[in-house]
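**Q**
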Amino acid sequence: MSGKKVLIVYAHQEPKSLNGSLKTIAVEELSKQGCRVTVSDLYDMQFEPRATRKDIVGDLHNPNQFNYGTEAWEAWKRGRLSEDVIAEQRKVKEADLVIFQFPLYWFSMPAIMKGWLDRVFVQGFAHDFPKCFDSGLLKFSTCPKKCLNISSFLQNKLALLSFTTGGDKGVFSKEGDGGDIRYLLWPMQHGIMHYCGFSVLAPQICFAPEYATEEDRVQMLTSWAKRLKTIWEEKPINCTPKWYYK
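For reference, each letter of the sequence shown is one residue, going 133 to 378 in my numbering.
In C-alpha cells, the structure reads:
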C-alpha cells in the first residue's frame, strides 16, 4: 500500500539462504506497492547484541550499582542512549509494519535478534508496565523532545514473524517431538510483540527448507510473495492463550 513504511529486521549470515530470499522478496514486493522499506541486516551491520554499560551515554542514574533495565529507561528519558540504539528505535517508530525474518534457533530467534530486542525495546520506548498487551503503551510520552518525541510508541503497529525451521510440520505438531509450533510462538509473539502493544499478524513459517525439494522451496517463496500482495488487508490474530494452546 502506497505510503506505508516497513522495517525488516533480518538475521541470517548468508544472503543466498532461503531466509535471504524471503527477505529480498519482501523488499521487492512491498516496494512495488509503494511502501518505503528499510532493512536492518543485523549480521551485515555487525549489530552488538549485548546489553551493556556502553548503551548509556554519560553519567549513570545510580553509579553505585548497575541495573541495565533501570539505566536504559533513565537514559531513554534523558536522550542518552547510544546512537546505534537510537537509530534502530527511529526505524521502529516510523514503521507501520515490522517483519522479523530469521531461522529458528533452539526453539527461539537467533541471539543477535534477541539482543536487538533487548537493547532497542527498552522501557519507556517499547513498554511501560502495567500499560501493556491490549492496553497498548503509554498514550502520552513523558520523555523530553530530544529523545525521539514519541507520543504513541508502538500502538497501531503491526508485527509479523517470518522464519524457517529445521524440523518439518510433523516435528512441530502436537504429536511431534517439538510440540505444536504455536507453543514456541507464545514467548516471541505474546511475550514480546503483544506485550509491547503490537498487533500481531499470523506468522509465516517455512518448515525444514534444507530437506525440502527445490519445487517445495520455490513454493515457499511464491506463497510468501502472494501473501504480501494483500498483507495490508489482513486482520491480526487473537493474541490470547487460547490461540496458542487450544
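We treat Cβ as the ideally placed atom computed from N, Cα and C, and that holds for glycine.
Three-state secondary structure (DSSP) at residue 243?
**A** Helix, per DSSP.
**Q** Use the C-beta contact count for residue 263: other C-beta atoms within 10 angstroms, 16 or more gives buried, fewer gives exposed.
**A** Under this definition residue 263 is an exposed residue.
**Q** Work out the CA separation of residue 288 and residue 151 for me, nearest whole Å.
**A** For residue 151 and residue 288, the distance between alpha carbons rounds to 27 Å.
**Q** How many whole angstroms separate the CB atoms of residue 181 and residue 244, which I take to be in contact at a CB cut-off of 8 Å?
**A** About 5 Å; that satisfies the 8 Å criterion.
**Q** Mind checking who residue 232 pairs with in its DSSP beta bridge?
**A** Its beta-bridge partners are 141, 293.
**Q** Work out the CA separation of residue 138 and residue 160 for me, nearest whole Å.
**A** Approximately 12 Å between the Cα atoms of the pair.
**Q** Is it the case that the segment 299-314 contacts the segment 253-263, given that we only count it when at least three CB pairs across the two stretches are under 8 Å?
**A** The answer is no - the segment 299-314 does not touch the segment 253-263, with fewer than three Cβ pairs under 8 Å.
**Q** Let me know the secondary structure DSSP gives residue 316 once reduced to three states.
**A** Here residue 316 sits in helix by DSSP.
**Q** Out of 347, 324, 373, point me to the one whose CA is closest to residue 255's CA.
**A** If we check each option's Cα against that of residue 255, 324 comes out closest.
**Q** Mark residue 199 as exposed unless 16 or more other C-beta atoms lie within 10 angstroms of its C-beta, in which case mark it buried.
**A** Exposed: under 16 other Cβ atoms inside 10 Å.
**Q** Quick one, which of 147, 162, 134, 142 has its alpha-carbon nearest residue 357's?
**A** Checking every option, the nearest Cα to that of residue 357 belongs to 162.
**Q** With burial defined as no fewer than 16 other Cβ atoms inside 10 Å of the residue's Cβ, what is the status of residue 440: buried or exposed?
**A** Only positions 133 to 378 of the chain appear in this structure, which leaves residue 440 out of reach.
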